[in-house]
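*Asks:* Numbering (the numbering used here), first residue to last: 12 to 445.
Quick one: the structure is below, and I'll ask about it shortly.
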C-alpha cells in the first residue's frame, strides 16, 4: 500500500515540475519528503499492529506461568499433607488399613505392618494378609452393608486381644482399625480376681459377727435397751455387708472366663412366672400386688438361671423403690412442699411382648420414679440415685450392673424409662429362638 502511494506521489511531482518553471531539485526534495513521511507513517502503523498482536500473547504466557506455579505449589502442599498424615497414622498405637471396594489394600500404617509380619503389600487382597475370620467378616459387612461393624478377635497375634472396627468410606471402600486391648483385659482380670478373693475372705468373719450378734439378741434377755439397739445396728450393717459381698462375688462370677452361659429355648412367659414365684415371699412381706401385662408365648434363646437372676433383681428393686407411700408430686423434687404422700397399695407389673427378632421384657413399678439425669448412669457399678435410701433398704449398687452384663452377653439390651411421680419401667430384650 505504501509503495503504491509513493509511486503515485513521485509521478505527480514529476508531472507538476515538468509543467512549471521550478528547478528540478525542488521537485526531487518534495518527492523524497513524501516518500520519507509515507515510510515513517507505515512503520508506526506496523509497530502498532505488531504490538497489538504481541501483547495478548505475552499476557497469556504470564497467566500460564502463574497457573503452573500455583499448580506446583498445590501439589507440593498435597504431598506435604499426605506425608504428615502418614506420619500421624504410623505413630498411632492402633493398626489401620484401608481397602477399596473390591477388598484390595490401598494403604496401611506401620502398626498394621508389624502385626502382619511385614506382609502388607499395596494392591493385594486383604484376605492374603489377614486370615482372621472375624476381621474379614467385619470388613465384608462394612463394604456390602455400608455400616460400621465392631467385633473382637484373638487370632491375629498369639496371646493378644484386639477390638475390631470397620467403617465404610465415601469412595466405596472401608477402613479397618484394630485396637490392642490385651493390657486392659489383664488389668480387668486382676481386678476381678482381687475382688473375688477379698470378698471370699471377708465372708467368713462377717458371718461369724452376724451369728454372734443374733445369738446375743435372741438368748440374752437381760440386755439393756441401749445394748439391744447397738447390737441391732451391728446386725443390720453386717447383713448389708454380707449382701454386698454376695453381689461382688456374683459380679465376679458372671464376668469371669470360667463362667459359661448355657442358652436354650425357653418360653418368655415361663421365665416371668418362675421369677414371680421366687419373689412371692418378698412381695407378701411388702404387701405388693403383682400383675401381668401382655404375655408372649414365644421362645427366647437364653440361659434360664442367668435371666432368672436379672428378673428377680429387677422385681426386688421395684418392690423396694416403687412403694407409692413415698410418691410425691414433682413439686417436691423441685423443692416445693407438695401434697401429702399417696397411701395406695404398691403394685408391680410384669410383661413380655414380641418386638422384631427379640422379646421385650418389662418390670414396672408405680412409685416415685427416677429423675431423668440419673437414667443413663443407674447401670454403673455402685451408682445410687438416693444413697441414704439405698442404704436404708440394703441396696449395694451392683444389682443393675450385674443385670446389664448378663443381658448384654445374651445379645440383648437394657434401659430404664421413668417419669417423676408415675413410677419406673425397666426394659430388657432377649433374642427369639428362631
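Cβ atoms here follow ideal geometry from the backbone N, Cα and C, with glycine treated the same way.
1. What's the gap between the Cα of residue 117 and the Cα of residue 109?
2. Would you check if the segment 246–253 and the segment 282–301 touch, i.e. whether three or more CB-CB distances between them fall below 8 Å?
3. For the candidate residues 168, 295, 195 and 151, whose alpha-carbon lies nearest to that of residue 176?
4. Tell me, to the nearest whole angstrom, how far the beta carbon of residue 409 is from that of residue 258; I am working on the premise that it is less than 8 Å.
5. Can you tell me whether DSSP reads residue 212 as helix, strand or coil?
6. Alpha carbon to alpha carbon, what distance is there between residue 413 and residue 375?
7. Let me check understanding here. Comparing Cα to Cα, which of 163, 168, 179 and 87 lies closest to residue 113?
8. Can you confirm whether the segment 195–215 touches the segment 262–281 when touching is taken to mean that 3 or more C-beta pairs between the two stretches lie within less than 8 Å?
9. What are the boundary residues of the alpha helix (DSSP H) that residue 236 is part of?
10. Figure out for me which residue from 386, 171 and 420 has the closest Cα to the Cα of residue 321.
11. Between the C-alpha atoms of residue 274 and residue 242, what's the straight-line distance to the nearest angstrom?
12. Spell out the partners DSSP gives residue 274 in its beta bridges.
13. What did DSSP end up calling residue 330 once you bin it into helix, strand or coil?
14. Could you check which residue in 426, 76 and 373 has the C-alpha nearest to that of residue 385?
15. In its own chain, which residues sit with a C-beta less than 8 Å from the C-beta of residue 298, not counting the 5 before and 5 after it?
16. On the DSSP letters alone, give me the boundaries of the beta strand (DSSP E) that residue 436 sits inside.
17. Which residue marks the beginning of the beta strand (DSSP E) containing residue 306, and which one marks its end?
18. Ignore the nearest five residues each way along the sequence and tell me which others in residue 436's own chain have a CB closer than 6 Å to its CB.
19. Kindly indicate which residue of 307, 141 and 73 has the alpha-carbon position closest to the one of residue 127.
20. For the alpha helix (DSSP H) that contains residue 290, what are its first and last residues?
21. I need the DSSP call for residue 374, collapsed to helix, strand or coil.
22. Taking just the CA atoms, how far does residue 382 sit from residue 294?
23. Out of curiosity, what's the CA-to-CA distance linking residue 247 and residue 360?
24. Compute the distance between the beta-carbons of residue 309 and residue 154, then report whether it is under 8 Å.
25. Closer than 8 Å by C-beta to residue 165: which residues in its own chain qualify, once you throw out the five before and the five after it? Chain order, please.
26. Roughly how many whole angstroms lie between the Cα atoms of residue 332 and residue 430?
27. Would you grab the beta carbon distance between residue 191 and residue 104 for me? Rounded to a whole angstrom, and I think it's under 8 Å.
28. Name the two residues that bound the continuous alpha helix (DSSP H) containing residue 116.
29. Would you report the Cα separation of residue 240 and residue 230, rounded to the nearest angstrom?
30. Short of 8 Å in beta carbon distance, which residues of its chain neighbour residue 6, apart from the five on each side in sequence? Order them along the chain.
31. Compare the Cα-Cα distances from residue 133 to each of 144, 143, 120 and 145 and report the closest residue.
32. Buried or exposed: where does residue 318 fall if 16 or more other Cβ atoms within 10 Å of its Cβ makes it buried?
33. Going by DSSP in three states, residue 358 sits in which element: helix, strand or coil?
34. Comparing alpha-carbon positions, which option in 195, 182, 256 and 286 lies nearest residue 218?
35. Just reading off the beta strand (DSSP E) that residue 188 is part of, what are its end residues?
36. So what's residue 414 in DSSP terms, helix, strand or just coil?
*Replies:* A quick look at the data gives this:
1. Here the question's residue 117 lines up with position 106 in the chain shown. Here the question's residue 109 lines up with position 98 in the chain shown. Between residue 117 and residue 109, the C-alpha separation is close to 5 Å.
2. no
3. Along the chain shown, one-based indexing puts residue 176 at 165. Ranking the options by Cα distance to residue 176, first place goes to 151.
4. As a first step, residue 409 must be located in the chain shown, where it is residue number 398. As a first step, residue 258 must be located in the chain shown, where it is residue number 247. So it is a contact: roughly 4 Å between Cβ atoms.
5. The count along the chain shown starts at 1 and reaches residue 212 at position 201. Residue 212 falls in the helix class under three-state DSSP.
6. Locating residue 375 in the chain shown gives position 364, counting from the first residue. Locating residue 413 in the chain shown gives position 402, counting from the first residue. Rounded to whole angstroms, residue 375 to residue 413 spans 19 Å at the Cα level.
7. One-based indexing of the chain shown puts residue 113 at position 102. When each option's Cα is compared against that of residue 113, the closest is 179.
8. yes
9. Position 225 of the chain shown holds residue 236. Start and end: 236–266.
10. Your numbering for residue 321 matches position 310 in the chain shown. Answer by Cα proximity: 420.
11. Counting from one through the chain shown, the residue named residue 274 turns up at place 263. Counting from one through the chain shown, the residue named residue 242 turns up at place 231. Approximately 45 Å, taken between the alpha carbons.
12. If you number the chain shown from 1, residue 274 lands on position 263. In the DSSP output, where bridge partners are listed per residue, residue 274 has none listed.
13. As a first step, residue 330 is located in the chain shown; it is residue number 319 there, counting from the start. It is helical.
14. To locate residue 385, count along the chain shown from 1; it is residue 374. The shortest C-alpha separation from residue 385 is found at 426.
15. Translated into positions along the chain shown, residue 298 becomes position 287. 356 and 357, listed in sequence order.
16. Stepping through the chain shown from its first residue, residue 436 is reached at position 425. Per DSSP, residue 436 belongs to the beta strand (DSSP E) from 435–442.
17. Here residue 306 refers to the residue found at position 295 of the chain shown. Residue 306 -> beta strand (DSSP E) spans 300–306.
18. Your numbering for residue 436 matches position 425 in the chain shown. Counting only Cβ-Cβ distances below 6 Å, and skipping sequence neighbours, we find 373, 375 and 428.
19. Counted from its first residue, the chain shown places residue 127 at position 116. With distances taken between Cα atoms, residue 127 lies closest to 141.
20. Translated into the one-based positions of the chain shown, residue 290 becomes position 279. Looking at the DSSP string, residue 290 is not in any alpha helix (DSSP H), and its letter there is neither H nor E.
21. As a working mapping, residue 374 is identified with position 363 in the chain shown. In this structure, residue 374 counts as strand in the three-state DSSP scheme.
22. Sequence index remark: in the chain shown, residue 294 carries index 283 (1-based). Sequence index remark: in the chain shown, residue 382 carries index 371 (1-based). Taking the straight line from one Cα to the other gives about 25 Å.
23. As a working note, residue 247 is residue 236 in the chain shown. As a working note, residue 360 is residue 349 in the chain shown. The alpha-carbon atoms of residue 247 and residue 360 are separated by roughly 30 Å.
24. Taking the chain shown and counting its residues from 1, one reaches residue 309 at position 298. Taking the chain shown and counting its residues from 1, one reaches residue 154 at position 143. For residue 309 and residue 154, no; Cβs fall outside 8 Å.
25. Taking the chain shown and counting its residues from 1, one reaches residue 165 at position 154. Only 171, 172 and 173 meet the Cβ criterion.
26. As a position in the chain shown, residue 332 is number 321, starting the count at 1. As a position in the chain shown, residue 430 is number 419, starting the count at 1. Roughly 14 Å separates the two Cα atoms.
27. Residue mapping note: residue 191 aligns to position 180 of the chain shown, counting from 1. Residue mapping note: residue 104 aligns to position 93 of the chain shown, counting from 1. So it is a contact: roughly 7 Å between Cβ atoms.
28. In the chain shown, residue 116 corresponds to position 105, counting from 1. Careful: residue 116 lies outside any alpha helix (DSSP H), inside the beta strand (DSSP E) at 116–119.
29. Against the chain shown, residue 240 aligns to sequence position 229. Against the chain shown, residue 230 aligns to sequence position 219. Those two C-alpha atoms are separated by around 15 Å.
30. Given a span of 12 to 445 for the chain in the structure shown, any question on residue 6 remains unanswerable.
31. Within the chain shown, the letter at position 122 stands for residue 133. Nearest of 144, 143, 120 and 145 to residue 133, Cα basis: 120.
32. Along the chain shown, read from residue 1 onward, the residue named residue 318 stands at position 307. Result: buried.
33. The count along the chain shown starts at 1 and reaches residue 358 at position 347. Three-state DSSP puts residue 358 in a strand.
34. Here the question's residue 218 lines up with position 207 in the chain shown. Nearest of 195, 182, 256 and 286 to residue 218, Cα basis: 256.
35. Reading the chain shown from its first residue, position 177 is the one you call residue 188. Unbroken beta strand (DSSP E) run through residue 188: 185–191.
36. The sequence position of residue 414 within the chain shown is 403, counting from 1. If DSSP states are grouped into helix, strand and coil, residue 414 belongs with the helices.
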